[in-house]
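Numbered as in my numbering, the sequence shown ends at 373 without a single skipped number.
Here is the structure we will look at.
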Amino acid sequence: VRVTRATRDFRLAGRSYAKGSYVVDLHQPKRGLANVMLADGRDISDKVSVMYDISGWSLGRLWGATVVPVRSGGLSAVATRRVEAAARVGYVAPRGDLRLRLDTPQEIAALNSLLEQGVSVRRLADGSVVVPGSARARAAALARTYDVAFDATGRTRTAEGSPVTPLHRVRVASAVTPGELFALREMNFDVVPVSTAVLNAGFDWSAVDVLFVSSGLDHAGLNAGARAALDAFLHTHGLVGRGAVGAALNSAAGLLAVRPVEGNGDANGVVRVVNSGGPLTANAPDHGFVYAPVWFTDLGPGVRVEQAYAPGDPLVSGHWRPLADGTGGPEAAGGQAAVVSGPHAVLFGTEPLFRDHPKGEFPQVGRALLTVS
């Protein structure tokens, strides 16, 4: 695909664009491929009754890019140059403490590397972190490795005035899908796979800091000893749950007071979401991905909505029909909580790590693991 980059600020179809913007002219042989990667896709729910696999996808929406379709005007007056690769953004401010945003999986990986090296890192109220200036050399090495920016910051306290939160290296016990396991390790988390069988055989909970569950762990299938050990761990440590399995474990353990509602199990695609901000979803994309979507109702005291499905029909592209009895459709999910949290638990009704693909969504899980550990 031919990609160019603007060498000066420009206007096109009544809108201004900054120097450095990438321009993809769809008057080219591979315009279809470019469109598949950048466009929203479409809702095909009324085309077929059921889909066997992924029905809608958008790299632009799910990888955190800002994609603007331009349907009028021409590029003849726009000064551009051909590019073969994205420009590197790695940077380290020359003085003072450093701020790392945690908006990409690469930034989460860089943070975990710093924590592994024993660097004292503190989290701000917006989910970004402060790295001491004394670790500048290590930050510079990570900026080169992961192509991330460590900006200057003078902030040392949260917006509420309380001290920022110190972070520590997190070891994750995970009962997850293969794609999620790969994504966790891609973000440099230290991961120990677990399952119902592993816990029943005896597991040393003292070796981990947090539990992430989406598949393969059934509270009712645990023997008495394993159940007691798990419950004791969750009494003092955190849980991140995803989907119906994660929500079921939350209910069995009596953590967050919520009622999970399962949508159509065949539904999948790109959805519009509304983020609440804060440590988990500040700067998160306003779109997410779902497969067998879940939402949460009847929220009890202390439960915070971190992200909600957009009101009305949140589906942008993909396939999501109501069930035969009329329930489980996108309109039922519209406006409902998609991600909820409490002091020691976070539940996702979306699929932020699906098959290690929607990269722009990964930091939501990374931030959740760091928050509740």
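Even glycine gets a Cβ: it sits at the ideal position worked out from N, Cα and C.
- The residues L111, L115, V121, R122, R123, V129 and L370, in chain order, have a CB closer than 8 Å to that of L167 in the same chain once the five nearest residues on each side in sequence are set aside.
- Per DSSP, L347 is one residue of the beta strand (DSSP E) stretching across A345 to F348.
- The Cβ atoms of D25 and L59 lie no closer than 8 Å to each other.
- Listed as beta-bridge partners of V23 by DSSP are T4.
- Under the DSSP assignment, D231 falls in the alpha helix (DSSP H) whose first and last residues are A224 to T236.
- Taking each of V290, S276 and A226 in turn and checking the Cα distance to N268, the smallest one comes out for V290.
- Taken in chain order, the complete alpha helix (DSSP H) segments of 4 or more residues contained in the region 47 to 134 are 59 to 62 and 105 to 116.
- Shown here, T177 sits in coil according to DSSP, grouped into three states, outside any helix or strand.
- In this structure, DSSP gives T281 a helical state, which the three-state scheme calls helix.
- Cβ-Cβ distances below 7 Å link V208 to R171, V172, A173 and V192 in the same chain, with the five nearest sequence neighbours on each side left out; the list follows chain order.
- In this structure E180 is buried. Its beta-carbon is surrounded by 16 or more other beta-carbon atoms within 10 angstroms.
- When secondary structure is reduced to three states using DSSP, Q364 falls in the helix class.
- For H287, the secondary structure class from DSSP, reduced to helix, strand or coil, is strand.
- The beta carbons of L255 and G342 sit closer together than 8 Å.
- Counted as a single uninterrupted DSSP element, the beta strand (DSSP E) harbouring P260 occupies residues R259 to E262.
- Under the three-state reduction of DSSP output, V245 falls in the helix class.
- The residue from A228, A125, T350 and V270 with its alpha-carbon nearest to that of D43 is V270.
- Put simply, of P29, K30, A337 and S373 the residue whose alpha carbon is nearest the alpha carbon of V261 is A337.
- Spanning the alpha carbons of N264 and R304 requires a straight line of approximately 25 Å.
- Just so you know, the alpha carbons of P178 and R355 end up roughly 7 Å apart.
- A distance below 7 Å between beta-carbons, with the five flanking residues on each side excluded, links A6 to the following residues of its chain, in chain order: Y17, K19, G20, S21, V23, V78, A79 and T80.
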